[in-house]
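Numbering-wise (our numbering), the sequence shown opens with residue 916 and increments by one.
C-beta atoms are modelled at their ideal positions from N, C-alpha and C, and glycine is treated no differently.
Please read all numbers here as calculations on a predicted model, not as lab measurements.
Reading through the structure tokens given below for one structure.
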Amino acid sequence: MIQAEKKGRTIQMKEKVLVAYASQYGSTQEVAEAIAATLRESNLAVDLQPMRKVKSLAGYGAIVLGAPIYMGLLHKDMQSFLALNQEALTQQQPAIYVLGPLSIDEKELQESRAMLDKELAKFPWLAPLAVEMFGGKYNPARLNLPHRLIASLPASPLHGMPAKDLRNWAAIQNWAKSLVMKFQMASLAPCGLSRTRAGVPQSGEMEMKNATKIFTSTFGVIMALAGLEHGVGEVLQGNVAPSGVMILSWPESAFFHSLAGESAMTIIPNLLLTGILAIFFSLLLLVGSILFVQRKNGGLIMILLCIAMLLAGGGIFPPILGIIIGAVGTRINAPLPWWRRHLPLGFRRFLASLWPYSYTACIPSWFALVPGVPILCYFFGVNNPVLILGILFFALSTLLLTMFAGLAYDSERQNDSRPGRLVPAVI
Ligand SMILES: Cc1cc2nc3c(=O)[nH]c(=O)nc-3n(C[C@H](O)[C@H](O)[C@H](O)COP(=O)(O)O)c2cc1C
């Protein structure tokens, strides 16, 4: 397990990173070296190699590929590398950078970007984790004969061009730093991935690295466990009629005293049956959250189960939150254009960057609420309403934050995976 430092926190990646480059005159190689150095500063183990020397991609947890553009085409080493490694690169999303533009003129930048789009479109199976274009380096004194001939043509844009180096090292370093987080998120995902070019799986495809799916699964399980706890309390009350629609799942329990006996509601005129149904629906929610939530209509089924839980003793908070979580579940694998259209890029990225932290903070906060609070009260006599409200507030707010951060994260990931999208980082 390799550990990487990110802003003082330790993140983990299972395997090494490969930085492979194609380069004619060395400028793309120097960028590869800078990227490798930045990744190593983050404590990642990095192999740096010319593309044509890479024998296998096995054993790499993340891949960065760099190549220049020549005459509108990706360097031939990059073209053959992509073609030869299609299978491995379909499983493993590489981060790609390209060197090209020798001018800061917006029109020429656009042209270089259009060339890159066209080139990457030749590999429709490719779904990069990130794509970036940086300014290139040019030295007429070092050109080989064919390039010298091209540059000597009066019609060539290189004709009479002086030596220049438009590589923006700060942008290169920032991009490399941004990859650390992306690699971590990719390695956190529970299953292998198989993706289309736009970063969204085809219908029927099983799993992908997807914050929305992780969110829905995790918190679906937590709400199901809470529903089960309610159901057990109602079953233990036996074959009696409830006093009304609103009931307490644990009215006599000293353990649940701190949670006011755990409110619930039921439309069934029998507490034993209410409890059995709450357990039944909660178990279905539990299994569905783990196994089926990413399937077609998974989110919708989750919502229906939560409504059933709400009407049959599964508590108040768990099913209501479960309905919201199920609504998020309907967005698993769905394109998320709204986020890109309505939220400013900087805010979206900030929100997306919060996802792993809020997710990690949110899970323990729910367990701090149940069974944490009853344990504190029952065994240690700590019955502080401010503390309980504080934990409840923290659990609810981190849940909402995790939900929005996950959606922003997925929307960014879809966005980054589009070969045509380039952040103007040149010069
Ligand atoms: C003959 C020649 C043709 C080039 N054609 C393009 C091009 O079509 N589009 C582009 O964006 N850059 C083009 N470039 C710029 C290179 O991509 C840039 O110089 C790059 O930094 C070279 O990388 P290298 O030193 O790793 O070989 C060209 C450069 C040369 C010398």
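query: What's the gap between the Cα of THR1317 and the Cα of THR1245?
result: Counting from one through the sequence shown, the residue named residue 1317 turns up at place 402. Counting from one through the sequence shown, the residue named residue 1245 turns up at place 330. Distance between the alpha carbons of THR1317 and THR1245: 16 Å.
message: With a threshold of 8 Å, are at least 3 pairs of Cβ atoms found where one atom belongs to the stretch 944-954 and the other to the stretch 1071-1081?
response: no
query: What are the boundary residues of the alpha helix (DSSP H) that includes GLN1006?
result: If you number the sequence shown from 1, residue 1006 lands on position 91. Counting along the chain, the alpha helix (DSSP H) containing GLN1006 begins and ends at 1001-1006.
query: Hey, does SER1093 have any beta-carbon neighbour from chain D nearer than 9 Å?
result: The chain inventory of the structure shown lacks chain D, comprising one protein chain alone.
- request: List the whole-angstrom C-beta distance separating ALA1101 from GLN1008, where the pair is believed to meet the contact cut-off of C-beta under 8 Å.
  value: The residue given as residue 1101 occupies position 186 in the sequence shown. The residue given as residue 1008 occupies position 93 in the sequence shown. That belief holds up - the Cβ atoms of ALA1101 and GLN1008 are roughly 7 Å apart, short of 8 Å.
query: Hey, which unbroken runs of the alpha helix (DSSP H) at 4 residues or more fall wholly within the stretch 919-999?
result: 942-956, 991-999
heavy atom of ligand 1 below 8 Å from PRO1069 C-beta: To locate residue 1069, count along the sequence shown from 1; it is residue 154. No, Cβ of PRO1069 sits at least 8 Å from all heavy atoms of ligand 1.
- request: Report yes if the C-beta of GLN964 is less than 8 Å from at least one heavy atom of ligand 1; otherwise report no.
  value: The residue you call residue 964 lines up with position 49 of the sequence shown. False, no ligand heavy atom lies under 8 Å from that Cβ.
- prompt: Grouping DSSP H, G and I as helix and E and B as strand, with all else coil, what is PHE1049?
  reply: Locating residue 1049 in the sequence shown gives position 134, where the first residue counts as 1. Strand.
message: Whole angstroms are fine: how far does the CA of LEU1291 sit from the CA of LEU1044?
response: Here residue 1044 is taken as the residue at index 129 of the sequence shown, counted from 1. Here residue 1291 is taken as the residue at index 376 of the sequence shown, counted from 1. Approximately 45 Å, taken between the alpha carbons.
- request: Please indicate yes or no: does the CB of GLN944 lie closer than 8 Å to some heavy atom of ligand 1?
  value: Sequence index remark: in the sequence shown, residue 944 carries index 29 (1-based). Flag set: Cβ of GLN944 near ligand 1.
task: Return the CA-CA distance between LEU1200 and SER1280, expressed in angstroms with no decimal places.
output: As a first step, residue 1200 must be located in the sequence shown, where it is residue number 285. As a first step, residue 1280 must be located in the sequence shown, where it is residue number 365. Whole-angstrom Cα-Cα distance: 21 Å.
- prompt: When you compare only the Cα positions, how much space is there between LEU1017 and ASN1125?
  reply: Position 102 of the sequence shown, counting from 1, holds the residue named residue 1017. Position 210 of the sequence shown, counting from 1, holds the residue named residue 1125. Going by the C-alpha atoms only, they are around 37 Å apart.
field: ALA1091 versus ARG955, VAL1301, ALA1276, ALA937, residue with shortest Cα-Cα distance
entry: For the purposes of this step, residue 1091 is taken as residue 176 along the sequence shown, with counting starting at 1. Among ARG955, VAL1301, ALA1276, ALA937, the Cα nearest to that of ALA1091 belongs to ARG955.
- request: In angstroms with no decimal places, state the Cα-to-Cα distance between GLY1051 and LEU980.
  value: Reading the sequence shown from its first residue, position 136 is the one you call residue 1051. Reading the sequence shown from its first residue, position 65 is the one you call residue 980. About 16 Å.
- request: Tell me where the beta strand (DSSP E) around LEU1163 begins and ends.
  value: Position 248 of the sequence shown, counting from 1, holds the residue named residue 1163. Counting along the chain, the beta strand (DSSP E) containing LEU1163 begins and ends at 1161-1163.
- prompt: Taking 8 Å as the line, does the beta carbon of ALA1091 fall inside it for any heavy atom of ligand 1?
  reply: Residue mapping note: residue 1091 aligns to position 176 of the sequence shown, counting from 1. Not so, every heavy atom of ligand 1 lies at least 8 Å from the Cβ.
message: Can you look up ILE1238 in the DSSP assignment and give me helix, strand or coil?
response: The count along the sequence shown starts at 1 and reaches residue 1238 at position 323. DSSP places ILE1238 in helix when its eight states are reduced to three.
query: Which class does ILE1247 belong to by DSSP, given the choice of helix, strand or coil?
result: Along the sequence shown, read from residue 1 onward, the residue named residue 1247 stands at position 332. Coil.
task: List the whole-angstrom C-beta distance separating MET1048 from LEU1031, where the pair is believed to meet the contact cut-off of C-beta under 8 Å.
output: Position 133 of the sequence shown, counted from the start, is the residue given in the question as residue 1048. Position 116 of the sequence shown, counted from the start, is the residue given in the question as residue 1031. With a Cβ gap of about 6 Å, MET1048 and LEU1031 count as contacting.
field: heavy atom of ligand 1 below 8 Å from SER1280 C-beta
entry: Numbered from 1 along the sequence shown, position 365 holds the residue referred to as residue 1280. Every heavy atom of ligand 1 is 8 Å or more from the Cβ of SER1280, so no.
- request: May I ask you to report which of helix, strand or coil DSSP gives SER1168?
  value: Working through the sequence shown from its first residue, we reach residue 1168 at position 253. Here SER1168 sits in coil by DSSP.
- prompt: Can you give the Cα-Cα distance for SER1326 and GLY1135, rounded to whole angstroms?
  reply: In the sequence shown, the residue the question calls residue 1326 occupies position 411. In the sequence shown, the residue the question calls residue 1135 occupies position 220. Spanning the two alpha carbons is a distance of roughly 21 Å.
- prompt: Thinking just about the alpha-carbon of each residue, which of GLN964, GLU930, LEU1215 is nearest to the one in GLY941?
  reply: In the sequence shown, counting from the first residue as 1, residue 941 sits at position 26. Of the candidates GLN964, GLU930, LEU1215, the one whose C-alpha sits nearest the C-alpha of GLY941 is GLN964.
field: PRO1077: CB within 8 Å of a non-hydrogen atom of ligand 1
entry: For the purposes of this step, residue 1077 is taken as residue 162 along the sequence shown, with counting starting at 1. Checking every heavy atom of ligand 1 against the Cβ of PRO1077, none is found closer than 8 Å.
task: Take ILE1231 and list the residues in its own chain whose beta-carbon comes closer than 6 Å to its own, dropping the five residues that flank it on each side.
output: Stepping through the sequence shown from its first residue, residue 1231 is reached at position 316. For ILE1231, where only same-chain residues beyond five positions count, the Cβ hits under 6 Å are SER1178.
Residues near THR1005 in its chain [Cβ-Cβ closer than 6 Å; skip 5 each side]: Indexing the sequence shown from 1 puts residue 1005 at position 90. Around THR1005: TRP1040.
- prompt: At a cut-off of 8 Å, is GLN1001 close to ligand 1 when judged by its beta-carbon and the heavy atoms of the ligand?
  reply: Along the sequence shown, one-based indexing puts residue 1001 at 86. Because no heavy atom of ligand 1 lies under 8 Å away, the Cβ of GLN1001 does not count as near it: no.
field: Alpha-carbon spacing of TYR1324 relative to ARG1028, whole angstroms
entry: If you number the sequence shown from 1, residue 1324 lands on position 409. If you number the sequence shown from 1, residue 1028 lands on position 113. Approximately 25 Å, taken between the alpha carbons.
Rounded Cβ spacing between LEU932 and VAL961 (contact assumed at less than 8 Å): The residue you call residue 932 lines up with position 17 of the sequence shown. The residue you call residue 961 lines up with position 46 of the sequence shown. Position check: residue 932 holds Val in this sequence, whereas Leu was assumed. Right, the Cβ-Cβ distance comes to about 5 Å (below 8 Å), so this counts as a contact.
query: If you run the structure through DSSP and keep just helix, strand and coil, what is SER1178?
result: What you label residue 1178 is simply residue 263 of the sequence shown in a count that begins at 1. The answer is strand: DSSP assigns SER1178 an E or B state.
query: Can you tell which of THR1127, PHE996, GLY987, LEU1014 has the C-alpha that lies nearest to the C-alpha of ILE1240?
result: Here residue 1240 is taken as the residue at index 325 of the sequence shown, counted from 1. Closest option to ILE1240, Cα to Cα, is THR1127.
- prompt: Among the residues of its own chain, which have a CB less than 7 Å from the CB of LEU1187, if the five just before and after it don't count?
  reply: Counting from one through the sequence shown, the residue named residue 1187 turns up at place 272. Answer for LEU1187: VAL1150, GLY1153, ASN1154, listed in chain order.
message: I'd like the list of long-range same chain contacts for PRO1289, defined as Cβ closer than 7 Å, with 5 residues on each side in sequence excluded.
response: If you number the sequence shown from 1, residue 1289 lands on position 374. Only PHE1170, PHE1171, SER1173, LEU1174 meet the Cβ criterion.
- request: Let me know the secondary structure DSSP gives VAL1344 once reduced to three states.
  value: Examination of residue 1344 is not possible in this model, given that the chain is present from 916 through 1342 alone.
query: With 16 as the cutoff for other CB atoms within 10 Å, does ALA1267 come out buried or exposed?
result: The residue given as residue 1267 occupies position 352 in the sequence shown. With 16 or more Cβ atoms within 10 Å of its Cβ, ALA1267 is classed as buried.
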